[in-house]
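Numbering (the UniProt record's numbering), first residue to last: 2 to 478.
Notes follow once the structure below has been shown.
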Ligand code: NAD
């Protein structure tokens, strides 16, 4: 393990994301030696906290997920410093700059800076501009990490991108899509590259359809306020589902260079067939959850901070198509929703009858489980690939023993190493937003008949009909 040196400046250091995801991931990196002596973390937020109080909050939240000796948590927390900060106050940036410089000396942190935007998206642009204009950048690297959502449509994404790219060159911008940090998503290109027969079958000659499901059993919980500005199309499809499709469907899975991988993903997303308004009515359905059969759970419209007549969708299913030699004619059915029967994140690749000519059983279904269930991660026709008696997929030995890293942990390692493969480029976002906007605009011009599915169900019936119409059906049902 190679120790890394950097000063992290976490904007929004008192927030939910910082405490639930970032600090636990930094702590794991500390325990594994990636971070050791030469790093410090500055948390910023509006409240006037002392370093000691900030450290207490860190240790308290670590105790929720780790049972390590408190001593190591305290030792880790000694690398944390707090700076109260208002995003619009120039003087606060000068104070941050001075603190960062001082800590860089104290910890011998190599003049590297990671600026992490764990703050409301409306501040991303302002903060990035101030980092630049107030001269926060140091002599080593200066990497800007942007959380989701990256805009709420193409126009706002363009504006945001314009603002941050005035302050940082594209190569220093790390746009997070935490699905790209997940072990299975990172394994997909390797699995494709290592299994010739599987890769040979991954195209419109042999694939009947691909299904991506990101189902949650929970409702919006306490995030109603945020959800009212988003909806599942923006929250899950534009980013995570598109990136999952990118891993399955883009060319050259054996590519290792970030530039090549990004080029291939961009090419794929550029070939998305943007839907005409009438096609939206046919190919995308939306839903909003009602109470459950027993009337015990809240309907979406009864949740806190949700409008009583909200038209926000908590479920969508749709059919995505590509205009490319490889994928023309293959439907990519996607589905995501809250209050579904179980939590499940999976990709089902359904082959047709012709695969027999490659020695694959006709109509084989390969399922890639994004979150492992019972230690299984790949199923062939519903059973663990190792027991499937088909040599379609073999994982190299190292793959099996690879200890699972949390998505954020693996993404932070990449940021420190300057590896941008698992981050999204502006060109990719532009194409996916363009695709999503066409659906959103059509929906915004119509009044949905909500609520239209019972909590604990598979969503509205129209989601089943979407596939039945094509003679297909959902594999996960
Ligand atoms: P949060 O509301 O819990 O935290 C926001 C932070 O910003 C707080 O530390 C707050 O003090 C600070 N802040 C607010 N106004 C400020 C101002 N004017 N000046 C300086 N600081 C200010 O939010 P969160 O849930 O942690 O989300 C942070 C970011 O991460 C958002 O962009 C969100 O979209 C993204 N995100 C969050 C999650 C999650 O699970 N919470 C998941 C994915 C993405």
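Note that CB positions come from ideal geometry on N, CA and C, so glycine has one too.
These numbers come from a predicted model, not from an experiment.
ask   = Is it right to say residue 211 is buried, meaning 16 or more other beta carbons lie within 10 angstroms of its own, or is it exposed?
value = buried
query = What span of residues does the beta strand (DSSP E) with residue 231 cover, start to end?
reply = No beta strand (DSSP E) contains residue 231, which DSSP labels as neither H nor E.
query = Taking just the CA atoms, how far does residue 102 sit from residue 403?
reply = Any reading at residue 403 must be qualified, since the residue scores a pLDDT of 46, below 50, and its modelled position is unreliable; the value itself is stated next. Each residue's alpha carbon lies about 37 Å from the other.
request  = Could you tell me whether the region 300–314 touches the region 467–478, where touching means 3 or more Cβ pairs closer than 8 Å?
outcome  = no
ask   = In the structure shown, what three-state DSSP assignment does residue 120 receive?
value = coil
Cβ-based burial, residue 374 [other Cβ within 10 Å; buried from 16] = exposed
ask   = Just checking my contact of residue 8 with residue 113 at CB under 8 Å: how many whole Å lie between their CB atoms?
value = 7 Å
Delimiting residues of the alpha helix (DSSP H) encompassing residue 442 = 427–445
task = Leaving out five residues on either side along the sequence, give the residues of the same chain with a beta carbon under 8 Å from the beta carbon of residue 111.
result = 6, 7, 39, 105, 141
Three-state secondary structure assigned by DSSP to residue 355 = helix
query = On the premise that residue 29 lies in contact with residue 429, defined as a C-beta separation below 8 Å, what is that separation, rounded to the nearest angstrom?
reply = Wrong, their Cβ atoms sit about 28 Å apart, outside the cutoff.
request  = Assign residue 139 to one of three DSSP states: helix, strand, or coil.
outcome  = coil
query = When we look at the beta-carbon of residue 401 and count the other beta-carbons within 10 Å, is it buried (16 or more) or exposed?
reply = Residue placement at residue 401 is flagged as unreliable, the pLDDT there being 48, under the threshold of 50; the coordinate-derived value follows with that caveat. Label assigned to residue 401: exposed.
request  = Apply the 10 Å Cβ neighbour rule to residue 79 and answer buried if 16 or more other Cβ atoms are within range, or exposed otherwise.
outcome  = exposed
request  = Check whether the Cβ atoms of residue 244 and residue 425 sit closer than 9 Å, and answer yes or no.
outcome  = yes
request  = Write down the C-beta distance between residue 81 and residue 115 rounded to the nearest angstrom, noting that I regard them as a contact closer than 8 Å.
outcome  = Contact flag wrong, Cβ pair sits at about 14 Å.
key: residue 288 versus 71, 448, 97, 171, residue with shortest Cα-Cα distance   = 448
ask   = Do residue 356 and residue 248 come within 9 Å of each other at the CB atom, strictly closer than that value?
value = no
ask   = Going by beta carbon distance, what residues of the same chain come within less than 6 Å of residue 174, once the five residues before and after it are set aside?
value = 145
task = Return the CA-CA distance between residue 53 and residue 267, expressed in angstroms with no decimal places.
result = 46 Å
request  = Would you mind stating whether residue 182 and residue 314 have Cβ atoms separated by less than 9 Å?
outcome  = no
key: residue 17 CB to nearest heavy atom of ligand 1 below 8 Å   = yes
ask   = residue 316: which of 125, 17, 150, 456 sits nearest, CA to CA?
value = 456
inquiry  = Does the distance between the C-beta of residue 14 and the nearest non-hydrogen atom of ligand 1 fall short of 8 Å?
reply    = yes
task = Find the nearest neighbour of residue 129 within the set 89, 156, 154, judged by alpha-carbon distance.
result = 89
message = Output needed for residue 363: all residues of its chain with C-beta closer than 7 Å, excluding positions within five of it in sequence on either side, in chain order.
response = 354, 356, 357
task = Kindly indicate the opening and closing residues of the alpha helix (DSSP H) around residue 158.
result = 155–168
inquiry  = Beta-carbon within less than 6 Å of residue 407's beta-carbon, same chain only, minus the 5 sequence neighbours each way: which residues are those?
reply    = 26
query = Taking 8 Å as the cut-off, is the CB of residue 1 close to at least one heavy atom of ligand 1?
reply = The structure shown has nothing for residue 1, since the chain only spans 2 to 478.
First and last residue of the uninterrupted beta strand (DSSP E) at residue 45 = 40–46
request  = Decide if residue 219 is buried, meaning its Cβ has at least 16 other Cβ atoms within 10 Å, or exposed.
outcome  = exposed
key: Neighbour-count burial assignment, residue 196, 16 or more Cβ in a 10 Å radius   = buried
task = Run the CB neighbour count on residue 136, radius 10 Å, all protein chains shown included, and call it buried at 16 or more, exposed below.
result = exposed
query = Any heavy atom of ligand 1 within a distance shorter than 8 Å of the CB on residue 52?
reply = no
ask   = Expressed to the nearest angstrom, what Euclidean distance is found between the alpha-carbon atoms of residue 359 and residue 153?
value = 44 Å
inquiry  = Below 8 Å, is the gap between the Cβ of residue 425 and the nearest heavy atom of ligand 1?
reply    = no
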